[in-house]
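Working notes, beginning with the structure itself.
There are 2 protein chains.
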Amino acid sequence: MTRVLIVDDEPQLLRALRINLTARGYQVVTAADGAQTQRAAADEHPDLVVLDLGLPDIDGAELIRDLRTWTPVPIVVLSGRSDAIDKVEALDAGADDYVTKPFSMEELVARLRAVTRRLGPADEPPAVPIGAHTVDLAARRVYRTDDPARTVHLTRTEWQLLEVLLRSPGKLVGQRQLLQQVWGPTYRDETQYLRQYLAQLRRKLEADPSRPVHLITEPGMGYRFQP
Amino acid sequence: MTRVLIVDDEPQLLRALRINLTARGYQVVTAADGAQTQRAAADEHPDLVVLDLGLPDIDGAELIRDLRTWTPVPIVVLSGRSDAIDKVEALDAGADDYVTKPFSMEELVARLRAVTRRLGPADEPPAVPIGAHTVDLAARRVYRTDDPARTVHLTRTEWQLLEVLLRSPGKLVGQRQLLQQVWGPTYRDETQYLRQYLAQLRRKLEADPSRPVHLITEPGMGYRFQP
DNA sequence: GCAGTTCCTGACGCGTTCTTGACGCGTACC
DNA sequence: GGTACGCGTCAAGAACGCGTCAGGAACTGC
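As they're listed, the protein sequences go chains A and B.
First residue of the first sequence? That's 1 in the working numbering, and the numbers climb one at a time after it.
First residue of the second sequence? That's 1 in the working numbering, and the numbers climb one at a time after it.
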């Protein structure tokens, strides 16, 4: 099921979108301003963002650029303004489509289908082995590979952190990106959180936590999950 | 350069689009009906198709569906009809965007940039070979070309320096530019940093560090990455 | 309201990385 | 042939970032 994040500061339009998209089989989460959007985009990892411009706390194009620094999620903009300059700014900031109000709901969902179609099989690895354990992202479960009955418990923060790393196997994930996606946009410089929780993940997953082979530190840059 | 196939049966609009897109750096090929479109899409391998609905020989949605059976090339539809039903049909047939006439040229090219951006990263050179090693900029990883399991570790400063050089393959990069981009505006004259770190990069990447063939010094000017 | 867990925050030691200085060599220019 | 400049190399101290521990705050379920 496609999970869509709807961002709008008008409650009635938010309500109308929620009802219509839910009826069409989308799973809906909502946000009403820029801060909530950042938060929700990080916490809920939506497959799609529907963004109404004209939020109270931040410029729309600014918000799009900010999101684009750390997530490639498709963004469809809703706006009452039909000037070419507004469209160009939003699209060049990183939006994938721009729909002007008033719009037909049929057209909107057709455009949502069009932008999500490109992502195609966005399937994620169902179970990743790390050392003696296996991480099942979908089931939110970690168990010993040799004895699936024995599980390891991870806290919410540990899960979020691990998930971001596992989504880019072998690739370096920057400190700011990790902090942004796990703790939110206001924690981008709190690198001690990363040290803290990476150490915990290593204690729970690595065979020798003091000599990690899967959760690698790249000093000054970030961390890397090595399959 | 992006190669775009423009499909339109009105010569004047075709001409206007050709002029405008050529001026913006696109390479333009054209077609005037469905049959020409099929052939041109096959022969010219466009990166992008701009398709005007209302062709003489075939229904637009039909043509899109036909193209989609064998090519994933992005398709942006132009149309005089603004009914939701038309948009839905074209988008669901496989179009990536739908622009109604009259439209601003600025908006059109912004939308072209948006749809090509999605495909862009696919054909970017993610891995650059240097001697016996391969540099993967996206993953921030250097490994031996013959044995990807064996990696070479680069520090943050080394990465920043190497990245600047690799972004301009074959071109000379001035000392000041390097210092500026890696260490910041206040270090423009600290050329000993360059000597220091270039030597380290050569030790880690070049087969014979004392006789570099990829990281070349241009005395008095700067350095050059030779692929 | 209570107990247990989870999260936040500060401090400290250690290893790596960065910075800085000095020296020899080759080349270009005088 | 001499000299000055720029480059490569080596070596050292300084600075930074990381892992770790520990205590208190906030949250959760009962």
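Note that the Cβ used here is the ideal one computed from N, Cα and C, for glycine as well.
Item checked: LEU17(B) - DSSP class collapsed to helix/strand/coil -> Residue state for LEU17(B) is assigned as helix, using DSSP reduced to three classes.
Checklist line | Which residues DSSP lists as bridging ASP97(B), in chain order | finding: The partner list for ASP97(B) (beta bridge, DSSP) reads VAL76(B).
Margin query: Rounded to the nearest angstrom, what separates PRO189(A) and THR69(A) at their Cα positions?
Written below: The question names Pro, but residue 189(A) in the sequence shown is Asp. Rounded to whole angstroms, ASP189(A) to THR69(A) spans 15 angstroms at the Cα level.
Item checked: Three-state class that DSSP yields for ALA149(A) in the structure shown -> Secondary structure at ALA149(A): strand, using DSSP grouped into helix, strand and coil.
Notebook entry, point to check: Closer than 8 angstroms, Cβ to any Cβ of chain A: which residues of the stretch 53 to 78 of chain B, in chain order?
Noted result: Here the close residues number zero.
Next item on the list: With a cut-off of 8 angstroms on the beta carbons, I'd call VAL76(B) and LEU112(B) a contact; round off their distance for me.
Entry: Yes, they are in contact, since the Cβ atoms of VAL76(B) and LEU112(B) sit about 6 angstroms apart, within 8 angstroms.
Item checked: Below-8 angstroms beta-carbon distance, SER168(B) vs any chain A residue -> The C-beta of SER168(B) comes no closer than 8 angstroms to any C-beta of chain A.
Item checked: CA-to-CA distance, ALA16(B) to ALA23(B), given in whole angstroms -> Roughly 11 angstroms separates the two Cα atoms.
Notebook entry, point to check: Terminal residues of the continuous alpha helix (DSSP H) containing GLN233(B)?
Noted result: Past the boundaries of the shown model lies residue 233(B); chain B is included only from 1 to 227, so the question cannot be answered.
Item checked: For TYR187(A), the residue or residues it bridges with in DSSP -> None, per the DSSP bridge assignment.
Notebook entry, point to check: Distance, Cα to Cα, ALA84(B) vs LEU13(A)?
Noted result: Near 19 angstroms, if we compare the C-alpha coordinates of LEU13(A) and ALA84(B).
Item checked: Interface residues of chain A facing ARG118(B) [CB-CB closer than 8 angstroms] -> Under the 8 angstroms cutoff, chain A gives ASP96 and ARG118.
Notebook entry, point to check: Excluding five sequence neighbours on each side, which residues of the same chain lie with their C-beta closer than 7 angstroms to the C-beta of VAL164(B)?
Noted result: Hits under 7 angstroms: VAL173, LEU178, GLN181 and VAL182.
Margin query: Along the stretch 96 to 115 of chain A, where does the CB come closer than 7 angstroms to a CB of chain B? Name the residues.
Written below: So the close ones are ASP96, ASP97, SER104, GLU106, GLU107, ALA110, ARG111, ARG113 and ALA114.
Note to self: Using a Cβ-Cβ distance cut-off of 8 angstroms, determine whether LEU88(A) contacts chain B.
What the structure shows: Sequence check: residue 88(A) is Val here, not Leu. Look at VAL88(A): its C-beta is under 8 angstroms from a C-beta on chain B.
Item checked: Any chain A beta carbon closer than 8 angstroms to LEU172(B) -> Residue contact with chain A for LEU172(B): absent (no Cβ-Cβ distance below 8 angstroms to any residue of chain A).
Check: Which term fits GLY80(A), buried or exposed, when burial requires 16 or more other beta carbons within 10 angstroms of its beta carbon?
Finding: GLY80(A) is exposed by the Cβ-count criterion.
Checklist line | Proximal residues of chain B, C-beta to C-beta of MET221(A) below 8 angstroms | finding: Under the 8 angstroms cutoff, chain B gives ARG140, ARG156 and TRP159.
Check: Can you name the start and end residues of the alpha helix (DSSP H) that ALA110(B) belongs to?
Finding: Residue range 105 to 119 is occupied by the alpha helix (DSSP H) that includes ALA110(B).
Item checked: Cα-Cα separation between ALA132(B) and ARG167(A), rounded to whole angstroms -> Cα atoms of ALA132(B) and ARG167(A): separation of roughly 29 angstroms, rounded to the nearest angstrom.
Margin query: By alpha-carbon positions, which one of VAL49(A), GLY184(A) and ASP59(A) ends up nearest to ALA42(A)?
Written below: Relative to ALA42(A), the option among VAL49(A), GLY184(A) and ASP59(A) whose CA is nearest is GLY184(A).
Margin query: Quick check on LEU165(A): does DSSP put it in helix, strand or coil?
Written below: In the displayed model, LEU165(A) falls within a helix according to three-state DSSP.
Item checked: Closer than 9 angstroms at the beta carbon, the chain A residues around ASP8(B) -> Neighbours of ASP8(B) across chain A, judged by C-beta separation under 9 angstroms, do not exist; the nearest C-beta is about 20 angstroms away.
Next item on the list: Figure out for me which residue from GLN36(A), GLU62(A), LYS101(A) and THR217(A) has the closest Cα to the Cα of GLY94(A).
Entry: The option with the nearest alpha carbon to GLY94(A) is GLU62(A).
Margin query: When you compare the CB positions of ALA40(B) and ASP8(B), do they come within less than 8 angstroms of one another, or not?
Written below: Against a cut-off of 8 angstroms, the Cβ pair of ASP8(B) and ALA40(B) comes out as no contact.
Notebook entry, point to check: Leaving out the 5 sequence neighbours to the left and right, which residues in its chain are closer than 6 angstroms to ARG202(B) when beta-carbon positions are compared?
Noted result: Correct list, in chain order: PRO209, PRO212 and LEU215.
Next item on the list: Spell out whether any CB of chain A is found under 8 angstroms from the CB atom of ALA42(B).
Entry: Any Cβ of chain A closer than 8 angstroms to the Cβ of ALA42(B) would place that residue at the interface, and such an atom is absent.
Next item on the list: Using a Cβ cut-off of 8 angstroms (strictly closer), state whether LEU91(B) contacts chain A.
Entry: True, the Cβ-Cβ gap to chain A drops below 8 angstroms.
Next item on the list: Return the CA-CA distance between GLN175(B) and ALA199(A), expressed in angstroms with no decimal places.
Entry: The C-alpha of ALA199(A) is placed about 40 angstroms away from the C-alpha of GLN175(B).
Checklist line | C-alpha gap between VAL99(B) and LEU78(B), whole angstroms | finding: Their Cα atoms are separated by approximately 5 angstroms.
Notebook entry, point to check: What are the start and end residues of the beta strand (DSSP E) that includes GLY222(B)?
Noted result: From DSSP, the beta strand (DSSP E) with GLY222(B) extends over 222 to 225.
Next item on the list: Would you please verify whether the beta carbon of ALA84(A) is less than 8 angstroms from any beta carbon of chain B?
Entry: Yes, because at least one Cβ of chain B sits closer than 8 angstroms to the Cβ of ALA84(A).
Item checked: Buried versus exposed, by CB contacts within 10 Å (16 or more), ASP96(B) -> Counting Cβ neighbours within 10 Å, ASP96(B) comes out buried, since at least 16 surround it.
Notebook entry, point to check: Name the chain B residues whose beta carbon is nearer than 8 angstroms to that of GLU206(A)?
Noted result: Those do not exist, as GLU206(A) stays about 18 angstroms from chain B at its closest Cβ, beyond 8 angstroms.
Check: If we ignore side chains and look at the alpha-carbon of each, how far apart do GLU107(A) and TYR197(B) end up?
Finding: GLU107(A) and TYR197(B): Cα-Cα distance of roughly 55 angstroms.
Note to self: So for ARG140(A), helix, strand or coil by DSSP?
What the structure shows: When DSSP states are grouped into helix, strand and coil, ARG140(A) belongs to the coil group.
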